[in-house]
Amino acid sequence: MKIRSFRLKLILSYVFVILVSFGFVGIFLDKNLEKNSLRNIETSLINQAKLIENQIFPESIRKEDAPYLEKLARVSSLKTKCRITIIDTRGKVLADSEKSQEDMENHLNRPEVQAALKGGIGSDTRYSSTLKIDMLYVALPLKDKNTTIGVLRLALTLEGVQKTLLAIRKTVLLGLLFALGFAFVLGSVLASRATRPINKMIQVSRKFSEGDFSRRIIQSSQDEIGELAVTLNKMAQDIENKIKEIENQSQKLAAIFNSMIEGVIVIDKSGRIISMNPTIEKIFGVSKGDVEGAVFLEAIRNNDIAEVIDAVLKKGNSLSVEITLIYPIRKIFEVSAVPIFDSGAIAGCLVAIHDITEIRKLETVRKDFVANVSHELKTPLTSIKGFVETLLEGALDDKENNRNFLKIIQEHAERLNSLVEDLLSLSHLESKEVALDKKNFNLRQQLEGIISGFKSQLKKKNIEIKNELPSGISVSADRGRIEQVFTNLIDNATKFNKENGAIRVYAEELNGKIKVFVEDSGIGIPEKDIPRIFERFYRVDKARSRELGGTGLGLSIVKHIVELHGGMVGVESIEGFGSKFWFILPRA
Ligand code: ADP
Numbered sequence: 002m003k004i005r006s007f008r009l010k011l012i013l014s015y016v017f018v019i020l021v022s023f024g025f026v027g028i029f030l031d032k033n034l035e036k037n038s039l040r041n042i043e044t045s046l047i048n049q050a051k052l053i054e055n056q057i058f059p060e061s062i063r064k065e066d067a068p069y070l071e072k073l074a075r076v077s078s079l080k081t082k083c084r085i086t087i088i089d090t091r092g093k094v095l096a097d098s099e100k101s102q103e104d105m106e107n108h109l110n111r112p113e114v115q116a117a118l119k120g121g122i123g124s125d126t127r128y129s130s131t132l133k134i135d136m137l138y139v140a141l142p143l144k145d146k147n148t149t150i151g152v153l154r155l156a157l158t159l160e161g162v163q164k165t166l167l168a169i170r171k172t173v174l175l176g177l178l179f180a181l182g183f184a185f186v187l188g189s190v191l192a193s194r195a196t197r198p199i200n201k202m203i204q205v206s207r208k209f210s211e212g213d214f215s216r217r218i219i220q221s222s223q224d225e226i227g228e229l230a231v232t233l234n235k236m237a238q239d240i241e242n243k244i245k246e247i248e249n250q251s252q253k254l255a256a257i258f259n260s261m262i263e264g265v266i267v268i269d270k271s272g273r274i275i276s277m278n279p280t281i282e283k284i285f286g287v288s289k290g291d292v293e294g295a296v297f298l299e300a301i302r303n304n305d306i307a308e309v310i311d312a313v314l315k316k317g318n319s320l321s322v323e324i325t326l327i328y329p330i331r332k333i334f335e336v337s338a339v340p341i342f343d344s345g346a347i348a349g350c351l352v353a354i355h356d357i358t359e360i361r362k363l364e365t366v367r368k369d370f371v372a373n374v375s376h377e378l379k380t381p382l383t384s385i386k387g388f389v390e391t392l393l394e395g396a397l398d399d400k401e402n403n404r405n406f407l408k409i410i411q412e413h414a415e416r417l418n419s420l421v422e423d424l425l426s427l428s429h430l431e432s433k434e435v436a437l438d439k440k441n442f443n444l445r446q447q448l449e450g451i452i453s454g455f456k457s458q459l460k461k462k463n464i465e466i467k468n469e470l471p472s473g474i475s476v477s478a479d480r481g482r483i484e485q486v487f488t489n490l491i492d493n494a495t496k497f498n499k500e501n502g503a504i505r506v507y508a509e510e511l512n513g514k515i516k517v518f519v520e521d522s523g524i525g526i527p528e529k530d531i532p533r534i535f536e537r538f539y540r541v542d543k544a545r546s547r548e549l550g551g552t553g554l555g556l557s558i559v560k561h562i563v564e565l566h567g568g569m570v571g572v573e574s575i576e577g578f579g580s581k582f583w584f585i586l587p588r589a
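The structure is reproduced here in structure tokens:
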């Protein structure tokens, strides 16, 4: 049986110590007492034997004077309370104080008799079959002039000794019982005192194991237990600090994980999803709670990514591929997967999904832009080259046409010039280093001046323009740049207007901002072109625009300028009925 209670173990230890101590004392005492008592009795028997020996005449032995010897034995027995036996050298009992000599068997083989016959003092302790009791025998040789003629044997019952020993044993046993009882009670008290701080430590340690490190063990003593309490408290403090540190770190990591623009998925070695961030939920339209623990391909049906994961989990190499997602929206992603190792073995992989749609779009825009610029520059340059060649090849002398050719060359050169100018101002605006020279000025007055510059152009098509901007409206903006905005919009409104058309410029107030409209009754813009109309070089009708001297950059410049002012641009248009361009600027 295993004793589980430390307290009980302590109590039993006390009891055991008492038991062992008492056992040793008892056995030692018992043996010594018995030995000493026997030795004392033996000595006194020898002394008494010596006294009796003197009273025995050797003659009576030789003659085997039984009556005399028997009388002597009986008298001496009465005095000494011992049994007295006189034996001759052949072992024959000559006299005995208790029994008649005829009834006695031969005593030659008795050890004490043998010892006495050899001339020494013999003694023996044994059970007397005659008297049915333990007896101590002492035997002396009876001598006649140095010749052993018989043996005098004294025997004493050990009843008294045994009674004394029994009494002592009882007392020792009683003492032992008392000591055990006392040890048990005292042991219980001492053990409770010793185990109380340990029990408290167990209680608090249990709280530690449940994750509650706020408790501390009170150090009740300066001994080893006290030291253990201090150590446990320190350990709890250290663990608490470590846990806080880990919590902080994991909170930081979770914050990073959750706010990452890149989608991140953690996969285990069996291809199941362990974790994912909100970006992934957004990209694939799944919920973390639903797909965690599921096999990747079952949760997110994308074969390309599943293949990447598979390859990384099998080979343990990092992999990066570009994939195009068609559904729910067309997007381009760069998928990078790296293996996660645990003690040298592949434990899973981490997949980062980066939306590169915008980057790819910008790359396309840049490529298109370069192609557009080259094309736009090439057209007038080819024409100029062609006409110059024609002139050089003899047309210079053709009086009717040479001026016309030169005019065409001039037109194309002007086109080139305005194209370069527009490109320069666009690149300047896009460089984001433009410093706006903001000032408060009156919009209506500015527009008046701009309109007067368009007079001849407007007159050509008989277009009526109305400045309906409120006279009190002032804006805080870069005057020169806003002039460019108006010029481009009115230029377009004129260019793409019909004969006898109209242009209206008016404004609306909009929570501290002003929304300016440039409305025309021109050809309008097809609905499908409206979203792209502010793109560089985007034109509804390229040939017509070119014919009208357009570069396709005007609206793009307008958009940039307005956005630099923190505003917005837009257009509403119905094909065949006219357009309404607007821009918003902050009020002064
Ligand atoms: P462009 O130099 O060709 O005028 P813009 O960037 O100013 O370049 O305009 C781009 C295109 O938008 C034009 O080619 C034309 O097709 C269309 N557009 C601009 N303004 C108007 C307007 N008021 N009415 C109709 N179409 C317009």
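Position in the sequence shown (from 1) plus 1 gives the number in the numbering used here. Glycine residues also receive a C-beta, built at the ideal position from the N, C-alpha and C atoms.
When only Cα atoms are considered, Leu157 and Thr126 end up about 10 angstroms apart. The alpha-carbon separation between Val476 and Asp492 amounts to approximately 22 angstroms. Contact check for Ala353 against Val296 fails: the beta carbons are separated by 7 angstroms or more. The alpha carbon of Val309 has as its nearest neighbour, out of Gly27, Leu30, Glu335 and Thr149, the alpha carbon of Glu335. CA-to-CA, the gap between Leu166 and Asp31 works out to about 7 angstroms. Ala255 has its Cβ no nearer than 6 angstroms to any heavy atom of ligand 1. Scanning Leu490, Leu298 and Lys440 for the CA closest to the CA of Ile451 turns up Leu490. Contact between Thr86 and Gln49 does not hold, since their C-beta atoms are separated by about 13 angstroms, which reaches or exceeds 8 angstroms. The three-state secondary structure of Phe442, taken from DSSP, is strand. As computed with DSSP, His355 is found in a beta bridge with Glu335. Separation of Phe518 and Pro587 (C-alpha to C-alpha, rounded to the nearest whole angstrom) is 15 angstroms.
A check of alpha carbon separations from Arg111 across Ala96, Arg91 and Lys529 identifies Arg91 as the nearest. Around the C-beta of Asn463, fewer than 16 other C-beta atoms lie within 10 Å, and the residue is accordingly described as exposed. When the five nearest sequence neighbours on each side are left out, no beta carbon in the same chain lies closer than 8 angstroms to the beta carbon of Ser428.
In this structure, Ser574 sits near Ile526, with a CB-CB distance shorter than 7 angstroms. DSSP places Asp423 within a helical segment (H, G or I) once states are collapsed to three. When the beta-carbon positions are compared, Ile122 and His108 stay at least 7 angstroms from each other.
Scanning Ile474, Glu263 and Asp311 for the CA closest to the CA of Arg273 turns up Asp311. Just so you know, the alpha carbons of Gln163 and Ser78 end up roughly 21 angstroms apart. Taken in chain order, the complete beta strand (DSSP E) segments of 3 residues or longer contained in the stretch 119-151 are 123-129 and 134-145. The Cβ atoms of Leu141 and Gly151 lie no closer than 7 angstroms to each other.
Remark: C-beta atoms of Glu241 and Phe214 approach each other more closely than 7 angstroms. When the Cα atoms are used, Arg545 and Gly551 turn out to be separated by approximately 9 angstroms.
Here Val366 is not near Ala338, since their CB atoms are 7 angstroms or more apart. For the set Asp269, Val292, Ile53 and Ser271, the Cα lying nearest the Cα of Pro279 is the one of Val292.
Counting along the chain, Asn468 sits inside the beta strand (DSSP E) bounded by residues Glu465 to Asn468.
Beta-bridge partners of Met277 (DSSP): Ile266.
The way I'd put it, the stretch 254-261 doesn't touch the stretch 224-236; fewer than three beta-carbon pairs between them come closer than 8 angstroms.
As DSSP reads the structure, Ile347 sits in a beta bridge with Phe342. Every alpha helix (DSSP H) of 4 residues or more that sits fully in the stretch 499-549 is shown, in chain order, as 543-548. Here Ala50 carries a helix assignment [DSSP, helix/strand/coil]. In terms of Cα proximity to Lys245, the closest of Thr148, Ser221, Asn41 and Gly212 is Gly212. If you check the CB distance, His413 and Ser384 come in under 7 angstroms. With a beta-carbon spacing of about 15 angstroms, Leu11 and Leu181 fall beyond the 8 angstroms limit used to define contacts. Around the beta carbon of Phe23, 16 or more other beta carbons sit within 10 angstroms, so the residue counts as buried.
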